[in-house]
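Residue numbers (this note's numbering): 5 to 147. C-beta atoms are modelled at their ideal positions from N, C-alpha and C, and glycine is treated no differently. Note sheet for the following structure.
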Amino acid sequence: MSDQFNYSVKLTKQKEGGYLVQFPDLPEAITQGENLEDALNEAMDCLEEAIAHRIAKKLDIPVPSQRKRCKYVALSTTFAAKTALYLAMREKKLNNTSLAKKLGCDEKEIRRLLDPHYNSKLPRIEEALNKLGKKLEVHVVSF
């Protein structure tokens with residue numbers, strides 16, 4: 005899904021050990037890890053919870069800023085697809101009920117499609133995005 009959901013992360017080594025993790029684009033997203041690997045794992049969880057909170061509260065989701073010489077953390081594929089659906093609905097100024105009518109389903113299903121903690125099927129999210137004039141693409145990259 006290109007760089008649309010790759011957020012830069014600031015890792016600060018702490019005097020007492022471990023790393024402080026912050027996201028410049030999401031000031032509320034702060035966590036820590038005992039070592040670099042742990043910090044990056046915690047960063048992914050933290051990022052997803054920050055985005056989930058913004059979706060639940062119907063808040064804006066910032067476009068990731070492009071920073072040089074830093075680490076990036078990406079949303080998981082399904083999480084990114086759900087976030088893309090949320091953003092597409094906001095762009096079209098559609099509420100859950102309106103999208104449900106377009107898909108011929110109950111509004112409850114739309115709530116589930118938008119719920120990052122609900123295990124939705126990717127083809128159904130893709131179908132919803134298509135109804136909004138969006139195409140879901142997944143890219144594989146080396147790291």
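Got a sec, what are the start and stop residues for the alpha helix (DSSP H) residue i sits in?
i	result
residue 127	126 to 135
residue 157	The structure shown does not extend to residue 157, since the chain spans only 5 to 147, so no value can be given for it.
For residue i, name the three-state secondary structure that DSSP assigns.
i	result
residue 34	strand
residue 26	strand
residue 77	strand
In the DSSP assignment, the beta strand (DSSP E) including residue i goes from what residue to what residue?
i	result
residue 15	10 to 17
Which runs of the beta strand (DSSP E) fall wholly inside the segment 79 to 130 and span at least 3 residues, in chain order? Complete beta strand (DSSP E) runs here, min 3: none at all.
For the segment 8 to 16 against the segment 69 to 78, do three or more pairs of beta-carbon atoms, one drawn from each stretch, fall closer than 8 angstroms, so that the two count as touching? yes
Indicate whether the contact test is met: 3 or more Cβ pairs, each with one atom in the segment 102 to 113 and one in the segment 55 to 62, closer than 8 angstroms. no
Looking at C-beta atoms only, is the number of pairs between the segment 39 to 47 and the segment 12 to 28 that lie closer than 8 angstroms three or more? yes
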